[in-house]
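*Asks:* Structure provided below as structure tokens; questions to follow.
Numbering (this note's numbering), first residue to last: -13 to 501.
This is the structure:
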């Protein structure tokens, strides 16, 4: 049902989970809404752990969403507590009809949601019926009322095994509705369900960096501390829950909701201190170097907007590598430094690896099925990766020309040196601005790059003319002239690629597609 709901709500829901929340309270709201939509706190927290892993979300932002996910998952229990099983056949029939007959994908997804709900309600009714054999044997479960720690452990272990708190909460509600599990015993099991569901986030963080592990740890401690606090006032808490309804099933569902809402309210004023505690438990910082392609996490494929943001960040990281290569090439030219030539050649291999990784990741994302707008954006990023990679190729061409010039001891006139530096300044500024325009989605910066590209084209024509004049007057040697023209050509092409990046930014603004 979670996958069907994600498909039905489309990119809008995914934008919520991928958005940077400006405060923990907004994070709680986002986490609650998203989890209500996809009916899985585990899915939400796994996405959050992935976002933290790739640097798209801070620990403070993630913790707000995690608290909200705990609240949102109680919505399932509230639905289950309603006696809606009579409507299950209707939901199944209508859902099947929509899924099989609808020509529009969105309607088919809605049908899939209705079918899933119908099957859920029917399954809950069957579960309730299966509990009837325990009637008259309440003493088997009564001791849990006197040993709440055992109830917490039972809920934790069972949820760890099935990796779904919704399933174990539903089972607890079914048992309570049949009168075989008193609310005093059910409440500790519900607490344990909350702890057990954190295992999914923990497992997701195992392959991640320290930031991902911190996010998972915050989820565990949030539920463990909340459970410990509630156990201290368990008799009062049970009395409060009993007052909320006369229906045992509703009492259990309410205990789940109240626990998570109260827990979030207790933690909200102390988010900064809690985050600091997590960082003390797991100290240190992870630095993501430009070579590792660390933004490209396949766990984000379930949230295409977040996955595309990861592609964009990786693309910008590639751009920074290419810009560094260009600056190294200029250093090699101005200082006759062989170390800079070696550095450019080394970074070219890195850039090629990053390009292959990005193309593979973005292609898999598109093939997995995403919205038309996101597909356009992904295709643009794939094209831009080619532009950035070509900038690296031109930087390598430049240092090869410089190396040839140095080895053959071919001199350039002072005028030629100054002209190349003048054009190099303009090209570097254009490429730097194009990356900033892409990162900030800045139309004015992109327009400035277009102007610079026009200026560089004019400059190339003028410098070619001047150099031809120097050759005719014997000021420059013919061999130097050939190298000079090749350098101009590579500089102009780098600026062309900067222009391509800027054009994408301008086109996206014109088409009103969010970068």
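Cβ coordinates follow ideal geometry from the N, Cα and C atoms, glycine included.
1. Count the other CB atoms, across all protein chains shown, that sit within 10 Å of the CB of residue 446; report buried if there are 16 or more and exposed otherwise.
2. Between the region 141 to 161 and the region 173 to 184, can you find at least three pairs of beta-carbon atoms closer than 8 Å?
3. Spatial neighbours of residue 348 within its chain, please: C-beta separation below 7 Å, excluding the five flanking residues on both sides.
4. Within 10 angstroms of its Cβ, does residue 338 collect 16 or more other Cβ (buried), or is it exposed?
5. If you run the structure through DSSP and keep just helix, strand and coil, what is residue 322?
6. Would you tell me roughly how many angstroms separate the C-alpha atoms of residue 372 and residue 396, rounded to the nearest one?
7. Roughly how many angstroms lie between the CA atoms of residue 478 and residue 23, to the nearest whole one?
8. On the DSSP letters alone, give me the boundaries of the alpha helix (DSSP H) that residue 388 sits inside.
9. If residue 134 and residue 220 are in contact, beta carbons under 8 Å, what's the gap, nearest whole angstrom?
10. Just to confirm, are residue 55 and residue 34 a CB contact at a threshold of 9 Å?
11. Can you tell me whether residue 377 sits near the ligand MG, meaning its C-beta is under 8 Å from at least one heavy atom of the ligand?
12. Within 8 Å, do at least three Cβ pairs link the region 220 to 240 to the region 56 to 64?
13. Could you work out which residue in 393, 285, 268 and 351 is closest to residue 324 when comparing CA atoms only?
14. Give a yes or no on whether the C-beta atoms belonging to residue 330 and residue 384 are separated by under 9 Å.
15. For residue 117, does the three-state DSSP call read helix, strand or coil?
16. In angstroms, rounded to a whole number, what distance separates the CA positions of residue 381 and residue 476?
17. Do residue 485 and residue 376 come within 9 Å of each other at the CB atom, strictly closer than that value?
18. Got a sec, what are the start and stop residues for the alpha helix (DSSP H) residue 209 sits in?
19. Beta-carbon within less than 8 Å of residue 204's beta-carbon, same chain only, minus the 5 sequence neighbours each way: which residues are those?
20. Could you tell me which uninterrupted alpha helix (DSSP H) segments, each at least 4 residues in length, are contained entirely in the region 389 to 457, listed from first to last along the chain?
21. With a CB to CB cut of under 6 Å and the five nearest residues on each side skipped, what residues in its chain are close to residue 391?
22. By Cβ distance, which residues of its chain are closer than 8 Å to residue 250, with the 5 residues on each side in sequence left out?
23. Figure out for me which residue from 87, 64 and 101 has the closest Cα to the Cα of residue 77.
24. Excluding the 5 residues preceding and the 5 following residue 490 in the sequence, name in chain order all residues of the same chain whose CB lies nearer than 7 Å to its CB.
25. Quick one: Cα of residue 301 to Cα of residue 10, how far?
26. Write down the C-beta distance between residue 194 and residue 146 rounded to the nearest angstrom, noting that I regard them as a contact closer than 8 Å.
27. What are the boundary residues of the alpha helix (DSSP H) that includes residue 178?
28. According to DSSP, is residue 145 helix, strand or coil?
29. Quick one: what's got a C-beta closer than 6 Å to residue 235's C-beta in the same chain, skipping five residues either side?
30. Which class does residue 304 belong to by DSSP, given the choice of helix, strand or coil?
31. Measure the CB-CB distance between residue 374 and residue 304 and report whether it falls below 9 Å.
32. Mind checking whether residue 466 and residue 419 have CB atoms under 9 Å apart?
33. Label residue 232 either buried or exposed according to how many other C-beta atoms from any shown protein chain fall within 10 Å of its C-beta, with 16 as the threshold for buried.
*Replies:* In terms of the structure at hand:
1. That one is buried.
2. yes
3. Take residue 348, set aside five residues on each side of it, and the residues of its chain with a beta-carbon closer than 7 Å to its own are 297, 364, 367 and 368, in chain order.
4. exposed
5. coil
6. 33 Å
7. 51 Å
8. 358 to 393
9. 6 Å
10. yes
11. Although the ligand MG was asked about, the structure shown includes no ligands whatsoever.
12. Counting C-beta pairs closer than 8 Å gives three or more between the region 56 to 64 and the region 220 to 240, which meets the contact rule.
13. 393
14. yes
15. Caution is warranted here: a pLDDT of 49 is assigned to residue 117, below 50, making its placement in the model unreliable, and no coordinate value can be reported.
16. About 8 Å.
17. no
18. For residue 209, the enclosing alpha helix (DSSP H) has its first and last residue at 196 to 218.
19. Taken in chain order, the residues that qualify are 45, 48, 49, 52, 260, 261 and 264.
20. 400 to 426
21. 469
22. Closer than 8 Å at the Cβ level, and outside the excluded window around residue 250, lie 14, 53, 54, 56 and 57.
23. Nearest C-alpha to residue 77: 101.
24. 366 and 370
25. 29 Å
26. Their Cβ separation, rounded to whole angstroms, is 20 Å, which puts residue 194 and residue 146 out of contact at 8 Å.
27. 169 to 182
28. helix
29. 67, 159, 162 and 163
30. In the structure shown, residue 304 sits in a helix (DSSP, three-state: H, G or I).
31. yes
32. No, they are not a contact pair.
33. exposed
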